[in-house]
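Colleague: After the structure tokens below, expect a handful of questions from me.
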Amino acid sequence: MGDVSIRYRVAGDPGGQPVVLLHGLGDSGPDWNPVLNGLAAAFRVFVLDLRGHGDSDRPGDYSFELMRDDVLGFLDAVPLERVALVGHSMGAVVAVLVAQAAPDRVTHLVLEDATVPRPGDLHRPPLAAPDEPTPFDFAVINAIRAQLTDPDPSWWEGTDAVKTPTLIVDGASSHDRQAFLAQSAARMPDARLVTITAGHYVHRDQPAGFLDAVVPFLRQRSAASR
């Protein structure tokens, strides 16, 4: 984490399998509230505010790589040797980058309606800052949108080397996204895809379906890894 302070909260059994939740762009830890109790009943859950969001620091410098490094710094600081990462949207990209950088630290990946972008697929032009204050540092929006438009090609190319057991949760938010997520699952050596028709925010709009898919996946893999 370096000089950046990352705010987090913890729920669940202190002896449970550690699960780290990573929110999407413009959101924060409380966005996971619809599924937090269900996850905490089975696991030790750590809910992060990524840099620029929620109660974490707002240094003005933002990128997927910096968020990846913040997560790794968080794991070192707690400390947590190995964790499951559950990421939504931007958080899913961060989760994959952590698994690519430190595969020995990640026991499982759950990627909600996103994974690392592929060059040429997305065009996210910069947005004008709103007149009203936002509950996050608006600078993070255009920094992340720029990387979605022009991502590092190694992110996508490296997905075929991510051997971490992975569950991709497709919210059926668009046909193009569904096709892309299916291609992503096909590239990853130990990934499977589940579709829950809910839109981009599966955990918020279909929390029961999300938990029905995610909890057994994490439990099964947890038992297999012991």
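Each residue of the sequence shown is one higher than the one before, counting from 72 in the numbering used here.
C-beta atoms are modelled at their ideal positions from N, C-alpha and C, and glycine is treated no differently.
The beta strand (DSSP E) with Thr-178 in it runs from where to where?
Modeller: Here the beta strand (DSSP E) through Thr-178 covers 177-183.
Colleague: Going by the DSSP bridge assignment, what does Ala-262 pair with across the sheet?
Modeller: DSSP output for Ala-262 lists Thr-237 as bridge partner(s).
Colleague: If distances are taken between C-alpha atoms only, which option among Ile-215, Gly-131, Phe-288 and Leu-264 comes closest to Pro-196?
Modeller: The shortest Cα separation from Pro-196 among Ile-215, Gly-131, Phe-288 and Leu-264 belongs to Ile-215.
Colleague: Quick one: which unbroken alpha helix (DSSP H) runs of 4-plus residues sit fully inside the region 185-247? Chain order, please.
Modeller: Here the runs fully enclosed are 210-220 and 224-228.
Colleague: Output needed for Tyr-79: all residues of its chain with C-beta closer than 8 Å, excluding positions within five of it in sequence on either side, in chain order.
Modeller: Answer for Tyr-79: Gly-100, Phe-117, Val-118, Leu-119, Asp-120 and Phe-145, listed in chain order.
Colleague: What are the boundary residues of the alpha helix (DSSP H) that Ala-163 is part of?
Modeller: Ala-163 -> alpha helix (DSSP H) spans 161-172.
Colleague: Is it buried or exposed for Leu-182, if we count other Cβ within 10 angstroms and need 16 for buried?
Modeller: With 16 or more Cβ atoms within 10 Å of its Cβ, Leu-182 is classed as buried.
Colleague: DSSP state of His-124, grouped into three classes?
Modeller: His-124 falls in the strand class under three-state DSSP.
Colleague: For Leu-119, list the residues DSSP reports as bridge partners.
Modeller: DSSP lists Tyr-79 as partners of Leu-119.
Colleague: Out of Ser-245, Ala-262 and Val-81, which one is the CA nearest neighbour of Leu-289?
Modeller: Here the closest residue by C-alpha is Ala-262.
Colleague: Using a Cβ cut-off of 9 Å (strictly closer), state whether Asp-128 contacts chain B.
Modeller: No chain B appears in this structure, which consists of one protein chain only.
Colleague: In three-state DSSP terms, what is Val-157?
Modeller: Val-157: strand per DSSP, three-state reduction.
Colleague: Would you tell me roughly how many angstroms separate the C-alpha atoms of Val-75 and Arg-153, rounded to the nearest one?
Modeller: If I take the Cα positions, the gap works out to 22 Å.
Colleague: Give the straight-line distance between the Cα atoms of Met-259 and Asp-202, rounded to the nearest whole angstrom.
Modeller: Taking the straight line joining both Cα atoms gives about 42 Å.
Colleague: What's the call for Val-81, buried or exposed, on a 16-neighbour Cβ count within 10 Å?
Modeller: Exposed.
Colleague: Please state the DSSP three-state secondary structure of Val-91.
Modeller: Three-state DSSP puts Val-91 in a strand.
Colleague: Once you ignore the five residues that flank Pro-130 on each side, which residues in its own chain have a CB closer than 8 Å to its CB?
Modeller: Within the same chain, Pro-130 has close Cβ partners Asp-74, Val-75, Arg-122 and Gly-123.
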